[in-house]
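For the sequence shown, position 202 matches number 202 in UniProt numbering, and the numbering has no gaps at all. Cβ atoms here follow ideal geometry from the backbone N, Cα and C, with glycine treated the same way. Heads up, the thing below is written out as C-alpha cells.
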Amino acid sequence: MTGRLVHTGQVVMDLVMRVDSVPETGGDVLASTTTLLPGGGFNVMAAAARDGAPVLYAGAHGTGRFGDQARAALRGEGITIAQPPAEDRDTGVCVVLVDDDGERTFVTGTGAEAGLPPELLRTVEVTPEDVLYLSGYSLLHESNRAALLGWLPDVSVAAVLLDPGPLVGQIPRDVLDTVLSKVDVLSCNARESRVLTGLADVGEAASALTDRLGSHAAVIVRDGPAGCVLAQQGTTRHIPGFPVTPVDTNGAGDTHCGVLAAALLGGADLAAAARRANAAAALSVLHHGPATAPHTPEIDAFLAGH
1 MTGRLVHTGQ VVMDLVMRVD SVPETGGDVL ASTTTLLPGG GFNVMAAAAR
51 DGAPVLYAGA HGTGRFGDQA RAALRGEGIT IAQPPAEDRD TGVCVVLVDD
101 DGERTFVTGT GAEAGLPPEL LRTVEVTPED VLYLSGYSLL HESNRAALLG
151 WLPDVSVAAV LLDPGPLVGQ IPRDVLDTVL SKVDVLSCNA RESRVLTGLA
201 DVGEAASALT DRLGSHAAVI VRDGPAGCVL AQQGTTRHIP GFPVTPVDTN
251 GAGDTHCGVL AAALLGGADL AAAARRANAA AALSVLHHGP ATAPHTPEID
301 AFLAGH
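Following this line, the structure appears as C-alpha cells:
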C-alpha cells in the first residue's frame with residue numbers, strides 16, 4: 001500500500017451526554033453519563049488507519065484544550081497532521097444528547113476546523129496513489145468550500161471519495177455539482193440518497209445519482225444491515241450486509257467509508273471494497289461509541305467466517 005487516505009474534512013470534539021429525554025425549552029435534565037470524544041472526520045480516519053491505511057489529516061485544527069485532545073487522538077491512531085494549529089481559536093465541540101430511545105440531538109459550536117485557509121490547503125501535496133476524502137460538511141463552511149473549489153482542479157489522485165453527509169440538502173446545488181464532477185466514488189446513506197434524488201428505492205436512487213457524476217464514477221448507497229448498493233456504468237448491484245445484533249449504530253457509516261478507502265488503497269475493486277466495508281460496519285455496531293471501527297485482523301477473521 002503506497003498511497004494514503006488524505007482527509008480534507010473537519011475533526012471536532014464530541015461532548016456526549018446520555019439523558020432520559022431532551023429538555024423542553026428553558027428546562028434542565030441530568031445526564032447519566034458524560035464523555036468527551038474525538039468526532040467528525042476522526043472516525044473515518046481512524047477506521048482507515050485501523051485497517052492498515054496511511055492517513056493524512058489535511059484539515060484545520062485549533063489552539064486550546066479541544067485542539068490538544070483532537071491532535072492526541074489523531075496521533076494515537078498513527079494519523080499524520082498536515083497543518084499547524086490555528087493560533088486564534090480552538091477546535092470546535094459538538095454537544096450530543098442521546099435519549100433513552102437512542103435518538104441523538106446535536107448542537108455544534110464550530111471552531112478552527114471550519115476555517116481552513118485556501119493557502120494552507122495548497123501546501124498539501126498529494127500523489128497519484130492517494131485517495132482523497134471529501135466531506136459534505138466542508139462545503140457548508142465558506143472558507144473550507146473556497147479552499148476545496150480552488151484546489152480540486154489541480155489535484156491528481158487515484159480516487160476522490162465524497163461523503164455528502166446528513167446536511168447534503170443545505171449544500172448549494174451549483175457547489176455540489178461542481179464537486180460531483182470531480183468525484184470518483186460517491187458514498188451516502190439511504191436517507192441522503194432520498195434527499196438527493198427524491199427516490200425511496202435505494203437501487204433506483206443509486207442509479208439516478210450516477211447521472212450526476214462522470215461516466216467512470218460509482219455510487220455507493222449504504223443501507224444499514226442490508227448492506228449497500230453499488231451503481232456504476234449502467235449497472236446496479238446489491239452488496240449484502242452481515243446481520244448482527246447492534247448495540248450502538250453511531251459511527252457505522254464513518255467506519256464504512258474509512259474501510260472502503262483503505263481497501264481501495266490496498267488494491268481491491270469496488271465490489272470487494274464495499275463487502276469489506278459492510279463487514280467492518282457490522283463489527284463497529286457491536287460496541288458503544290462512535291470510533292468503534294475494528295482492526296484488520298478482526299475484519300479478516302469475520303470475513304473468513306462468512
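With H, G and I counted as helix, E and B as strand and the rest as coil, what does DSSP make of residue i?
i	result
N189	strand
T108	strand
S143	helix
A231	strand
G203	helix
T210	helix
V12	strand
G92	coil
T197	helix
T25	coil
G52	coil
G62	strand
P243	coil
G289	coil
G150	helix
S215	coil
P225	helix
E103	coil
V175	helix
V126	coil
V44	helix
Considering only DSSP beta bridges, list what residue i is partnered with.
i	result
M17	T34, L97
L132	V6, V160
V183	The partner list for V183 (beta bridge, DSSP) is empty, contrary to what the question assumes.
P166	Bridge partners of P166: none, in fact.
T236	A231
G39	V12
How would you write the range of the alpha helix (DSSP H) that residue i sits in, first residue to last?
i	result
I299	296–304
P84	Where P84 is concerned, there is no enclosing alpha helix (DSSP H), given that its DSSP letter is neither H nor E.
R75	65–76
P118	118–121
G259	What sits at residue 259 in the sequence shown is Val, not Gly. That run of the alpha helix (DSSP H) goes 252–265.
Give the straight-line distance between the Cα atoms of residue i and residue j, rounded to the nearest whole angstrom.
i	j	result
A82	N144	15 Å
residue 324	V19	Since the first residue of the chain shown is 1 and the last is 306, residue 324 is not available in this structure.
E24	A273	44 Å
V179	Y133	12 Å
Q170	L140	7 Å
A217	H306	29 Å
G78	G27	42 Å
A226	A48	22 Å
G289	V183	30 Å
F242	R275	9 Å
S181	V247	38 Å
G9	F42	9 Å
V55	L97	30 Å
L161	V131	7 Å
P297	D254	19 Å
G267	S187	18 Å
V126	R4	9 Å
D174	R212	12 Å
residue 307	A70	This structure leaves residue 307 out entirely; the chain is present only between 1 and 306.
S135	G165	7 Å
D163	C257	8 Å
T236	D99	37 Å
N278	A301	14 Å
G40	A304	31 Å
Over the uninterrupted beta strand (DSSP E) stretch that includes residue i, give me the two end residues.
i	result
R276	Where R276 is concerned, there is no enclosing beta strand (DSSP E), although the alpha helix (DSSP H) it sits in stretches over 270–284.
A218	218–222
V55	55–57
Would you please state the rounded distance, in angstroms, between the beta carbons of residue i and residue j? I believe it to be under 8 Å.
i	j	result
L116	A60	4 Å
L270	Q232	7 Å
L74	Y57	6 Å
G76	D90	Wrong, their Cβ atoms sit about 19 Å apart, outside the cutoff.
V12	E103	About 20 Å; that fails the 8 Å criterion.
N250	R222	The Cβ separation is near 14 Å, so there is no contact.
V195	A159	No, V195 and A159 are not in contact; Cβ-Cβ is about 24 Å, not under 8 Å.
A252	A281	5 Å
A206	S215	Not quite, the Cβ-Cβ distance comes to about 16 Å (not below 8 Å), so this is no contact.
M219	L209	Here residue 219 turns out to be Val, not Met, going by the sequence shown. Their Cβ separation, rounded to whole angstroms, is 4 Å, which keeps V219 and L209 in contact under 8 Å.
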